[in-house]
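Asks:
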Amino acid sequence: MQEELITIGELATRTRLSLKALRLYGDRGLLPPARVDPRTGFRRYGLAQVERARRIALLRATGMSLARIAEVLDSSGEKPVRLLTSYWREQESVHVARRAAVGYAREVLTGRSLTMYEISERDVPEQKVLFVQRHVTSTDLPGFLADSSELLFSHLRQAGAGLSGPLFAVYHGLVSEDSDGPVEICAPTQSADVEPAGRIGVRIEPAHREAYTALTKRHEGYSAMAAAHDAVGVWLAEHGYAVSASNREVYYPNWATAEPGEHVADVAIPFRPGSISDLEKVNR
243 MQEELITIGE
253 LATRTRLSLK
263 ALRLYGDRGL
273 LPPARVDPRT
283 GFRRYGLAQV
293 ERARRIALLR
303 ATGMSLARIA
313 EVLDSSGEKP
323 VRLLTSYWRE
333 QESVHVARRA
343 AVGYAREVLT
353 GRSLTMYEIS
363 ERDVPEQKVL
373 FVQRHVTSTD
383 LPGFLADSSE
393 LLFSHLRQAG
403 AGLSGPLFAV
413 YHGLVSEDSD
423 GPVEICAPTQ
433 SADVEPAGRI
443 GVRIEPAHRE
453 AYTALTKRHE
463 GYSAMAAAHD
473 AVGVWLAEHG
483 YAVSASNREV
493 YYPNWATAEP
503 GEHVADVAIP
513 FRPGSISDLE
523 KVNR
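FYI, the numbering for the sequence shown is 243 to 526, going by my numbering.
#1: What is the DSSP secondary structure of ASN525, counted as helix, strand or coil?
#2: Whose CA, out of LEU394, ALA276, ALA312, LEU253, lies closest to the CA of ALA439?
#3: Report, in whole angstroms, the separation of the C-beta atoms of THR431 and LEU409, which I expect to be a contact under 8 Å.
#4: Please report how far the alpha carbon of ALA434 lies from the alpha carbon of GLY268, in whole angstroms.
#5: Output the distance between the C-alpha atoms of PRO512 and ILE361, rounded to the nearest integer angstrom.
#6: In chain order, which continuous runs of the beta strand (DSSP E) of length 3 or greater are located wholly inside the stretch 296-379?
#7: If you follow the beta strand (DSSP E) that PHE410 is in, where does it begin and where does it stop?
#8: Near GLN375, which residues of its chain fall below 6 Å by C-beta distance, leaving aside the five closest residues on each side in sequence?
#9: Taking only runs of the beta strand (DSSP E) that begin and end inside the stretch 445-490, which ones reach a length of at least 3 residues, in chain order?
#10: Look at the Cβ atom of ARG340, then the Cβ atom of SER488, and state whether they are nearer than 9 Å.
#11: Please classify VAL371 as buried or exposed, where buried requires at least 16 neighbouring CB atoms within 10 angstroms.
#12: Apply the 10 Å Cβ neighbour rule to ALA510 and answer buried if 16 or more other Cβ atoms are within range, or exposed otherwise.
#13: Look at GLY288 and ILE248 and say whether their C-beta atoms are less than 9 Å apart.
#14: Determine contact between the stretch 479-488 and the stretch 332-351, defined as no fewer than three beta-carbon pairs at a distance below 8 Å.
#15: Which same chain residues end up closer than 6 Å to GLU363 when comparing Cβ atoms and leaving out the 5 residues on each side of it in sequence?
#16: State the beta-bridge partners of PRO512 as determined by DSSP.
#17: Just how far apart, CA to CA, sit ALA299 and THR257?
#18: Among the residues of its own chain, which have a CB less than 6 Å from the CB of GLU447, if the five just before and after it don't count?
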C-alpha cells in the first residue's frame, strides 16, 4: 500500500512551522521530503514526518542547534533523553557564567571597587611548548580548544612524551562574537624529542611573572572568563604594572569532571614593572 503524502503547505498547517523553516530543515538534512517532483520541485512529506517536525520545533524552542537536534532525533532508546539532559546542563552552566559577568559589569558601570575576583602573583619558569594557533570567534572557540587539545595529546603520545604542566591558551587578540583572536593552544613538555609537525609548532615560552585569578567550574563559560580577563587587566593598571605578553588561560586536568565549586582554570596576564606595556610599544 502506497504511503499517503502531504504537501509542504499541509505540513506547515499541521505543525505551525513556516514554509521557510521547513525548507531550511529539508536542506540541512533534518527533515528531507519523502519525495520531490523532478519537474516542478514540489515537496511531499510522509505522515510520520509530522511528528518529527513537531519534535524539531519543540527542541528548537530550547535553543538547541539544528546539528544537535539531528543527533537527538537520529538516536534511539534512552540516548535522546541523555543528549537533551547533557545539552541543558551546558545551558545552565552558561547562564551561571553570564550571571557572574553581569555582576562584574554592574560593578564597573557603577564605579564600585572591583571585589569579585581575587588577584594574586606568581613566577612561571621557562618552558618548552607545543602549540596550535588559529583565528577563532567566541562561537568557534570551544570546538577549537577541544580539537587542538586532542591533536596535541596525540602528537605527544606518538613521540612517547608527556605533559610537564597544564594546557594553556594564549589570546593574542580579543576573542568575541565580532573579534577572532588569534588564539594559541599550548601543551608544555620537557621532552627533547618532540618536533613540529603539520599544524603543530614548537617554541620556548619565556620565564615571566604574571598576575592571575583562579576560577571554579561554575565560572568556566566565555562570559565569566571575559570578565576575569578584564579584572586582571584593571588590577595590573591600578598597581602600575605593564603587560609584557598576551593574556592566557590555564586549564587544569579536572576541567571536565569537576564539581561547580572546584578550581579548574586560571586567567593570567604576564607583567613587568612600568607604566606602558611592551605590547603597546609594538602596536605604536
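For glycine and all other residues, C-beta sits at the position ideal for the given N, C-alpha and C. None of these values were measured; they are calculated from a predicted model.
Replies: According to the structure shown:
#1: Taking the sequence shown and counting its residues from 1, one reaches residue 525 at position 283. Note that ASN525 scores 43 on pLDDT, short of 50, meaning its location in the model is unreliable; the coordinates nonetheless yield the value given after this. If DSSP states are grouped into helix, strand and coil, ASN525 belongs with the helices.
#2: As a working note, residue 439 is residue 197 in the sequence shown. The residue with the shortest Cα to Cα distance from ALA439 is LEU394.
#3: As a working note, residue 431 is residue 189 in the sequence shown. As a working note, residue 409 is residue 167 in the sequence shown. No, THR431 and LEU409 are not in contact; Cβ-Cβ is about 11 Å, not under 8 Å.
#4: Reading the sequence shown from its first residue, position 192 is the one you call residue 434. Reading the sequence shown from its first residue, position 26 is the one you call residue 268. Their Cα atoms are separated by approximately 52 Å.
#5: Indexing the sequence shown from 1 puts residue 512 at position 270. Indexing the sequence shown from 1 puts residue 361 at position 119. In a straight line, the C-alpha of PRO512 is about 13 Å away from that of ILE361.
#6: 362-366, 369-376
#7: The sequence position of residue 410 within the sequence shown is 168, counting from 1. Counting along the chain, the beta strand (DSSP E) containing PHE410 begins and ends at 409-413.
#8: In the sequence shown, counting from the first residue as 1, residue 375 sits at position 133. The residues are PRO424, GLU426.
#9: 450-458, 483-485
#10: Here residue 340 is taken as the residue at index 98 of the sequence shown, counted from 1. Here residue 488 is taken as the residue at index 246 of the sequence shown, counted from 1. Against a cut-off of 9 Å, the Cβ pair of SER488 and ARG340 comes out as no contact.
#11: Along the sequence shown, read from residue 1 onward, the residue named residue 371 stands at position 129. Burial call: buried.
#12: By one-based count along the sequence shown, residue 510 stands at place 268. Buried is the call here.
#13: One-based indexing of the sequence shown puts residue 288 at position 46. One-based indexing of the sequence shown puts residue 248 at position 6. Yes, they are a contact pair.
#14: no
#15: Along the sequence shown, read from residue 1 onward, the residue named residue 363 stands at position 121. Cβ within range, chain order: ALA453.
#16: As a position in the sequence shown, residue 512 is number 270, starting the count at 1. For PRO512, which the question treats as bridged, DSSP gives the partners GLU452.
#17: Stepping through the sequence shown from its first residue, residue 299 is reached at position 57. Stepping through the sequence shown from its first residue, residue 257 is reached at position 15. Distance between the alpha carbons of ALA299 and THR257 is about 8 Å.
#18: Counting from one through the sequence shown, the residue named residue 447 turns up at place 205. Same-chain partners within the cutoff: GLN369, VAL371.
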